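Below is one structure, written out as structure tokens; comments come after it.
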Amino acid sequence: MLIFKVLILVALLRLLITTERPNLCAGIYTGLVLLVNLMSGLGFITAIVATAISGALALLYFWLLNHFRDTAIFWVILVVGLVIGLI
């Protein structure tokens with residue numbers, strides 16, 4: 052599962068750099084989180100609430116990455132987000 056998360060985040064980061072659309076990246080991530088939550092056997096309401104929180108945090112993460120794209124802060128946000136996302 053860890054390898055899957057890393058590959059998804061790397062692919063979404065590449066997509067963000069190419070398209071500069073944090074909403075698209077956060078939407079894809081949110082959809083995948085919802086799918087995994089529903090397949091893991093969580094209740095429907097629990098899965099929706101957990102997905103909404105993950106989606107909001109993903110949007111913030113990708114927006115920050117896009118906003119600080121050409122600065123050194125980009126790398127700090129990237130590493131911190133990857134570590135938090137992998138936990």
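135 is the number that this note's numbering gives to position 84 of the sequence shown; each next residue is one higher, with no gaps. The beta-carbon is built from N, C-alpha and C at its ideal position, and this holds for glycine as well. Predicted model only: the values in this text are computed from it and were never measured.
Item to check | Reference Leu60; option with closest CA among Ala77, Thr102, Thr70, Ser91 | outcome: Ala77
Checklist entry - Exposed or buried, which one is Ala107 when buried takes at least 16 other CB atoms within 10 Å? => result exposed
Checklist entry - Leu67 and Phe119: beta carbons closer than 7 Å? => result no
Next on the checklist: Tell me which residue opens and which closes the alpha helix (DSSP H) that Arg65 is part of.
Outcome noted: 53-70
Item to check | DSSP three-state assignment for Leu75, whether helix, strand or coil | outcome: helix
Checklist entry - With DSSP run on the structure shown, which of helix, strand or coil describes Thr122? => result coil
Item to check | Alpha-carbon spacing of Phe79 relative to Ser105, whole angstroms | outcome: Position check: residue 79 holds Ile in this sequence, whereas Phe was assumed. If I take the Cα positions, the gap works out to 12 Å.
Item to check | Distance between Leu116 and Thr122 (C-alpha atoms, nearest Å) | outcome: 10 Å
Next on the checklist: Taking the beta carbon of Asn88 as the centre, do at least 16 other beta carbons fall within 10 Å, making it buried, or is it exposed?
Outcome noted: buried
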